[in-house]
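Just remember that this note's numbering sits 26 ahead of the position in the sequence shown, which is counted from 1. Backbone N, C-alpha and C fix where the C-beta goes; we use that ideal spot for every residue, glycine too. Quick caveat: nothing in here was measured; it's all calculated off a predicted structure. Take a look at the structure below.
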Amino acid sequence: MTAHRPPFRDPALPVARRVDDLLDRLTANERLALLHQFTPGVERLGLAAFRTGQEALHGVAWSGPATVFPQAVGLGASWHPELVRRVGEAVSREIRAMRAKDGRVGLNVWSPTVNLLRNPLWGRSEEGYAEDPALTSAIATAFTRGLRGDHPVYWRTAPVLKHWLAHNNEAARDTSSASVRPRVLREYDLRAFRGAVEAGAVAGVMPAYNLVNGRPNHLSPYLEEELRSWTDQELLVCSDAGAPSNLADSQGYFATHEEALAAALRAGVDSFTDHGTDASVVLGRLRGALERGLIDGADVDRAVRRQLTVRCLLGEFDPELDPYADESRFDTPEHRELAREAAEAAVVLLRNEPLGEEPPLLPVPATDGIRIAVVGLLADAAKLDWYSGSLLHRSTPLDGLRDRFGAQRVTFAEGVDRIRLRTASGTLLRVVGTGAPAGEAVDGDREAVPDVDGSLDPALIAGRTDLPPLIADAEGSELALIDWGDGVLTLRAPDGRYLSVAEDGFVRASADEPGGWVVQETFRLEELEAHEAHEALGAHDGGHILLHLGTGGYVSVAADGVKVAADRESAEVFSVETVERGEDAVARAAAGADVVIVVAGNDPHVNGRETEDRTTLALPAQQDRLWRAAHAANPRTALVLVSSYPYAVPEAAAVLPALLWTAHGGQAAGAALARILAGDVSPAGRLPQTWYAADADLPGMLDYDVIGGRQTYLYFDGSPLYPFGHGLSYTTFGYEELTAAVDGETVRISCTVTNTGAVASDEVVQVYARAVAPSVPRPHRELFTHERVHLAPGASATLDFAVPVESLGYWDVAHGRWTVDPGPYEIQAGASSTDIRRTVPVEVAGTPPAPRPVLVDGLAAADYDEQSGTVIVDRTKVRGDAVTPAEPSAGGTLIYRACDFADGVTEVAVAVAGEGTLDLTLPDGTLLARVEVPDTGGPYAYRTVGAAFVTLDVVDLHATLHGPLRLAHLTFTG
């Protein structure tokens, strides 16, 4: 080693030694500066500037044009880890290639999202993979392996999993708390993260905005107690944007920001994403915390060491040895082909029935003269979402079918309502001079690199001001009205651009698509009362005012153009003149076709997205009318749902001969769909989440107890519209020779599957496990493992699986451990969670269940077996849980099964805060003890309160809480 080459530049040394050397060379201020998202360079050490965070959920996002793959939920629908690994690899190659041209493109990748799709109304369902932890873990592990690369030392990119932990609601997402009992935590939520971490493919995690059990996720004790216990490697924890400030602001968890950041740093957060590129605010707060003794240099060093470790693994200190430094593969033929392959793999055939004596409607026969009508609001759309890249290539369903069958055979009707808006004075709204027609410039031509907390340039979000605003005159313009549900609509000008509101308040036809952090292209028509309409419009029938949802203002008409007024009183009153109903155009097109393809679904920026949960599973009324009109005109109608989430469409599922679903499929979506419809590729996607039949089947958005709430396919007791794992193909498969045997700590499974039809296709062989006689509530069945296999007609494949016996287990709250009950289990193989083809029993020698040793450890309040009317809250701001009534006036009850009081108990002492009454009873209501708790002085002021308690034997104990009482622990003495 030469004198000019310090140890941190020596690739022969272990990474930890190199990082420690570099850490020692940094001054205290230089170390502190590394805790912000945007870290400055250190010129004297040759250390470059660095930032955490590069969005890459299904392609490089927010950095200009890139290959756009299917949404994450679509990748989950592929059930194809190897394909997803290749997608991750392609994404990481493009990140490297883009970084070579623009240093603002980061290598610390904030992707994938592994939050489980517990509730299909969650606004960010498109970002997750599945409702099942095993499938989510398999897909996430594959994607992160692709992002990481396969070099033994250096990483192509450094992926960070989002969002730790139990994050499934957008409403009040920064202030709401998920009550997560220990079994759900360990059997469900943590499992989604663990596989990828244990595989060594993850650089770290990002905590979620919400709270879990009353404590903000940015203070989660599980970062140290669970996450960092799964691996020996250093893991980098990056805060979500603005979340550090939330701790003292919206959450009010601490009185000062210094306390908040100090607590987050001690809890394990290493990089603070806050206040954009201005690091001074965060660093000032951290200096204040140091001065107050809330943190010390060791706390700072610990976080800096983790960040420097990631940078070292990314090859920053060895550019001459970095195997990915010269990566230039971007928008290659291979990436384009992969985008199409992934889009094809994500298509799920939900239904395909014969029409009388005819064969099933799909695939569409490529016969001479066949006429195809492609109709619907998404028939000629290629929608992007908030985490999409910008399109380099674009293929809509209409494009794909015209390319596949010939343009002369394919007719199109969008199905929008075409309207004019007339003012009270009798003039019409007119669009003037919108510039280039829609389609001339796609989003890919608008490059934008994020420079603040991952947000796009605000000028792009606010809309254009260089175009003239709408005016009112005698001529008027015909507008396309699209109702996306719940009265939320967009209006499109004749040239294809959407009406949008810019920062100056004027309404212009200026947007290629709805989008932006605050969508400026959505409106709501509010119908006036009859007397209001008559007063404003005179002879005109009806009247509406137009609310702009992005600003909350109302559209008004002035001499200089149409603008948004601040108040309702200034709103212009319009009469809506319908030029053509969308269903009429659809019916005409359908009547003249041999096959009708109705393409419906969502716009990922509207009615369900980050910051906004959905309100219903129902298909928007306008789109519901379209498929009905098409089917009435032509029974040979298939409905294709292109959406980020499930819909409840029981009538369509009952009457239409064919029904398909695909997530928004990226740049090759249309070509992929056309190949599926034509039979060039047999569909083999499978549902990654349950499709429920009605809103009534769903729990509340804040009910995170999948066990007690009977949620997801694991516990749902009703009949779904389509079950988890469902998906058809153009052939049939037979399952034979299922065997399973316990071999030490492994269950070895073998199954033979045969293509018994006439079409080559993939089959997704799903293996589930079920406890036959469980000692506690267990899933109806749980995905054990799976494999997607391609088989030619008549071909067979024998698949072998090896699954740890511990996968059959559950978290034993009575003893605080993972356990496997002894006894009989069933191993099931089939085509979905309800289409089980073969079952074989296995006998497992597990740990026999035993009563709770209450005299030894007492009872942790949150370790209940069942509850009603309670939520889990934080015992302290650092760690520990307590339980309190969800509604103090109503009270709540906890049930602890099989408590062993055989030696006799004479007294109980409870650790409580707040005030109220705790009743301990037997199941029949017999009172064992009543504990009166005086006001302890606050929710964190715990006291121990005792009472007489007499019982013998092994009994179920009921604990009923009344008032704002926070129960942490019960101790029993004899």
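When the options are compared against residue i, the one with the closest alpha-carbon
i: ASP200; options: LEU191, ALA818, TYR235, VAL223; result: TYR235
i: ALA222; options: GLN259, SER246, SER202; result: GLN259
i: ALA5; options: GLU224, ARG448, ALA710; result: The requested residue 5 is not part of the displayed model; the chain covers only 27 to 1000.
i: GLU285; options: THR780, THR970, GLU69, ILE321; result: ILE321
i: LEU496; options: ILE508, VAL457, ASP530; result: VAL457
i: GLU933; options: THR997, CYS264, VAL870; result: THR997
i: LEU754; options: THR139, ILE702, GLY522; result: ILE702
i: GLY441; options: GLY587, GLY542, VAL605, TYR922; result: VAL605
i: ALA767; options: TYR968, ASP861, GLU869; result: GLU869
i: THR170; options: LEU747, LYS127, ARG112, ILE733; result: ARG112
i: PHE356; options: VAL899, ASP275, LYS127; result: LYS127
i: PHE742; options: LEU724, THR758, VAL140; result: LEU724
i: ARG292; options: PRO270, GLN277, TRP412, GLY382; result: PRO270
i: THR758; options: ALA786, SER776, ILE733; result: ALA786
i: GLN792; options: ALA722, THR453, PRO714, PRO661; result: PRO714
Residue range of the unbroken beta strand (DSSP E) whose run includes residue i
i: HIS812; result: 808-817
i: ALA908; result: 907-911
i: SER822; result: 822-830
i: PRO867; result: 862-870
i: ALA168; result: Note, ALA168: premise wrong, no beta strand (DSSP E); alpha helix (DSSP H) at 159-174.
i: GLU763; result: 759-769
i: ASP788; result: 787-797
Three-way DSSP call (helix, strand, coil) for residue i in this model
i: TRP653; result: helix
i: ARG614; result: helix
i: THR422; result: coil
i: GLN434; result: helix
i: GLY849; result: strand
i: THR738; result: helix
i: MET124; result: helix
i: ASN378; result: strand
i: PRO879; result: coil
i: ASP469; result: Note that ASP469 has pLDDT 30, beneath the 50 cutoff, so the model's placement of it is unreliable and the number below is only indicative. Three-state result, ASP469: helix.
i: VAL899; result: strand
Cβ-Cβ distance between residue i and residue j below 8 Å
i: VAL904; j: PRO494; result: no
i: VAL602; j: HIS570; result: yes
i: ALA719; j: SER745; result: yes
i: GLY154; j: GLY114; result: no
i: GLY608; j: LEU652; result: yes
i: ALA928; j: ASP979; result: yes
i: TRP136; j: GLY79; result: yes
i: ALA372; j: SER104; result: yes
i: ALA615; j: VAL401; result: yes
i: PHE810; j: VAL829; result: yes
i: ILE921; j: VAL206; result: no
i: LEU309; j: HIS62; result: yes
i: HIS995; j: VAL936; result: yes
i: THR780; j: GLU762; result: yes
i: PHE95; j: GLY541; result: no
Rounded Cβ spacing between residue i and residue j (contact assumed at less than 8 Å)
i: VAL11; j: ASP891; result: The requested residue 11 does not occur in the structure, where the chain is confined to residues 27 to 1000.
i: LEU339; j: ALA184; result: 7 Å
i: ALA795; j: ILE853; result: 6 Å
i: ALA218; j: LEU261; result: Between LEU261 and ALA218 the Cβ distance is about 16 Å, and since that is not below 8 Å, they are no contact.
i: LEU667; j: LEU682; result: LEU667 to LEU682, Cβ: 11 Å. No contact.
i: ALA197; j: ASP639; result: 5 Å
i: LEU404; j: ALA626; result: 6 Å
i: PRO32; j: ASP47; result: 6 Å
i: VAL527; j: GLY578; result: About 11 Å separates the two Cβ atoms, so there is no contact after all.
i: ASP158; j: PHE750; result: 7 Å
For residue i, the first and last residue of its enclosing alpha helix (DSSP H)
i: CYS338; result: 323-339
i: ILE702; result: 695-704
i: SER271; result: 269-272
i: ASP838; result: It is not in any alpha helix (DSSP H) - ASP838 instead sits in the beta strand (DSSP E) that spans 836-838.
i: PRO805; result: Segment: none, PRO805 is in no alpha helix (DSSP H) and carries neither H nor E.
i: GLY100; result: 98-103
i: ARG992; result: No alpha helix (DSSP H) holds ARG992; the beta strand (DSSP E) holding it covers 991-999.
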